[in-house]
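2 protein chains.
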Amino acid sequence: MTQNTNSWTENDNKLSKTFTFGDFKSALIFVNKVGEIAENLGHHPEIWFTWGKVTIACSTHDDGNIITDKDRELTQKIDLI
Amino acid sequence: MTQNTNSWTENDNKLSKTFTFGDFKSALIFVNKVGEIAENLGHHPEIWFTWGKVTIACSTHDDGNIITDKDRELTQKIDLI
């Protein structure tokens, strides 16, 4: 489970949020769940991760790298993981 | 399979390399293989990825964020994926 309940931050035309974990494996499991959601939506974020930390950034490249409803839907589903 | 055969770049005390893929799922499978190697070695890189692209960066935090033999071993095993 994630240990970070902060909201998403809008910056540089992206919605981003960092989630923290107690080990690498938990972070990787989370990344896979995000990946499954992204594949189901046909909308893929940027994912940066390392030991115990995952940062997700969402923007819509097809619409000129802006934040759209697709990104808001993706962030809402990620928050339900 | 990766489509990038470039060597690792040493920059900012990290060894980094970008691998490209034909879709998101292939990139995610690669990330999981990197994760398995990292867990087996007990040495974890930074992983940045999005649709079709994965960038790996390796440095040794325990030794003051420098490149060590642990990083070279990790990069060699990643190249064998």
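Sequences listed follow chains L and W, in order. Under this note's numbering, the letters of the first sequence match residues 523 to 603, in that order. Under this note's numbering, the letters of the second sequence match residues 523 to 603, in that order. Every residue gets a Cβ at the ideal spot worked out from N, C-alpha and C, and that includes glycine.
Looking at the structure shown, is aspartate 591 (chain W) part of a helix, part of a strand, or coil, going by DSSP? helix
From L:Thr577, L:Ser548, L:Pro567, pick the residue whose C-alpha is nearest to that of phenylalanine 546 (chain W); which is it? Among L:Thr577, L:Ser548, L:Pro567, the Cα nearest to that of phenylalanine 546 (chain W) is on L:Pro567.
For the region 571-600 of chain L, list every residue whose C-beta sits within 7 Å of some C-beta in chain W, in sequence order. Near chain W, meaning a CB-to-CB distance below 7 Å, the residues of the region 571-600 of chain L are Phe571, Thr572, Trp573.
Does chain W have any CB closer than 8 Å to the CB of lysine 547 (chain L)? yes
Kindly indicate which residue of L:Ser538, L:Asn533, L:Asp534 has the alpha-carbon position closest to the one of threonine 597 (chain L). L:Ser538
For the beta strand (DSSP E) that leucine 537 (chain L) lies in, which residues bound it at each end? 536-542
May I ask which residues mark the beginning and end of the alpha helix (DSSP H) holding asparagine 554 (chain L)? 546-563
Ordered along the chain, which non-local residues of its own chain (more than five positions away) have a Cβ less than 7 Å from that of isoleucine 600 (chain W)? Val556, Ile559, Ile578
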